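**Student:** Numbering (full-length UniProt numbering), first residue to last: 1 to 100.
Even for Gly, the Cβ is constructed at its ideal location relative to N, Cα and C.
This one's a predicted model, so the numbers in the text were calculated from it and none came from an experiment.
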């Protein structure tokens, strides 16, 4: 298992910002990070589209040195609407952005 630094992952996530904005009509995009229970960590995007905010993330395992490795190649979408359920199992970001 290869562990990457948080900074490396953020760098990789930031590279396609402008293309996502242009291709999918996103109003705003930023980095999403959340510490999970135990050694879980979540990273991805906070996206605003059509006036709604979405948190799109993938799960990582964190080692004792702070390195991160992806747990599975899937994306989860959370909304700011409490009555909506999280949407899981997206294999790629393009399918997530098309669905929004």
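Please classify residue 95: is it buried, with 16 or more other beta-carbons within 10 angstroms of its beta-carbon, or exposed?
**Tutor:** Residue numbering aside, residue 95 sits at position 95 when the chain shown is read from its first letter. With fewer than 16 other Cβ atoms within 10 Å, it is exposed.
**Student:** On a CA-only basis, which of 11, 63 and 84 is nearest residue 52? Give me that one, please.
**Tutor:** In the chain shown, residue 52 corresponds to position 52, counting from 1. Residue 84 is the option with its Cα nearest to residue 52.
**Student:** Take residue 47 as the anchor and find which of 39, 79, 89 and 87 has the nearest alpha-carbon.
**Tutor:** One-based indexing of the chain shown puts residue 47 at position 47. Per the Cα distances, 79.
**Student:** Which partner residues does residue 61 have in the DSSP bridge list?
**Tutor:** Residue mapping note: residue 61 aligns to position 61 of the chain shown, counting from 1. According to DSSP, which records beta bridges pairwise, residue 61 is partnered with 40 and 69.
**Student:** In terms of residues, what are the limits of the beta strand (DSSP E) holding residue 32?
**Tutor:** Position 32 of the chain shown, counting from 1, holds the residue named residue 32. Here the beta strand (DSSP E) through residue 32 covers 28-35.
**Student:** Please determine, among 23, 86 and 58, the residue with the shortest C-alpha to C-alpha distance to residue 13.
**Tutor:** As a working note, residue 13 is residue 13 in the chain shown. Among 23, 86 and 58, the Cα nearest to that of residue 13 is on 58.
**Student:** Going by DSSP in three states, residue 84 sits in which element: helix, strand or coil?
**Tutor:** Within the chain shown, the letter at position 84 stands for residue 84. DSSP places residue 84 in coil when its eight states are reduced to three.
**Student:** Specify, as a first and last residue, the run of the beta strand (DSSP E) that residue 78 falls within.
**Tutor:** As a first step, residue 78 must be located in the chain shown, where it is residue number 78. Element bounds for residue 78: 75-79.
**Student:** Based on the DSSP secondary-structure assignment, which residues constitute the bridge partners of residue 52?
**Tutor:** Residue 52 sits at position 52 when you count from the first residue of the chain shown. Note: residue 52 sits in a beta bridge opposite 49.
**Student:** Based on Cα-Cα distance, which residue from 77, 82 and 1 lies nearest to residue 88?
**Tutor:** Here the question's residue 88 lines up with position 88 in the chain shown. Of the listed residues, the one whose Cα sits closest to residue 88 is 77.
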